[in-house]
Amino acid sequence: FRTEGVYENPFLFAQYVYSSLLDLHWIYSEAENQRKYAENDSRFKSSKVLKELLEKSKQNKEKNEREIQDKYCLRGAEWGVGDCSTVGMTDQEKEDFITELRKRVGE
90 FRTEGVYENP FLFAQYVYSS LLDLHWIYSE AENQRKYAEN DSRFKSSKVL KELLEKSKQN
150 KEKNEREIQD KYCLRGAEWG VGDCSTVGMT DQEKEDFITE LRKRVGE
């Protein structure tokens, strides 16, 4: 905004003041919004609901990882390869081991 001649012309002066007030209002509004967002964000992050959801998520992650490990273990036992290989077991031990894995996997 140009300031030459603003002080001599009442209309330009009023326009300049109004424009400056709008700028100040916008700056204040932005600062106020930032403060409100930070406050709400802080409240949300410390909320009981969020903590419960994060805990459930962690438990589900651990459970899902275990289920995936069990599925791979079952597959390895059936094929006779990997950490869950049944090589060296008697036929009865293999059958019992695979049956137990199937129960854990839900098959």
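Per this note's numbering, residue 90 is the first one in the sequence shown, and the count goes up by one each step.
Glycine is no exception: its CB is placed at the ideal position from the N, C-alpha and C atoms.
These numbers come from a predicted model, not from an experiment.
Query, Result
"Straight-line gap, E190 to V138 (C-alpha atoms, nearest Å)", "The identity of residue 190 in the sequence shown is Leu, whereas the question assumes Glu. Their Cα atoms are separated by approximately 35 Å."
"Buried versus exposed call for L110 [16 or more other C-beta atoms within 10 Å across all chains shown]", "exposed"
"Simplified DSSP state of D172, which is helix, strand or coil", "coil"
"Bounding residues of the alpha helix (DSSP H) (the contiguous stretch that carries S136)", "Where S136 is concerned, there is no enclosing alpha helix (DSSP H), given that its DSSP letter is neither H nor E."
"Own chain residues within Cβ distance below 7 Å of R193, not counting five before or after", "D159"
"E97 in three-state terms, based on DSSP", "coil"
"Among E156, T179, D180 and G171, nearest to E196 - alpha-carbon criterion", "E156"
"Rounded C-alpha distance that separates K140 from K134", "8 Å"
"For T179 and A166, believed in contact at Cβ under 8 Å, the rounded distance", "Wrong, their Cβ atoms sit about 14 Å apart, outside the cutoff."
"Alpha helix (DSSP H) segment containing T188, residue limits", "D180 to V194"
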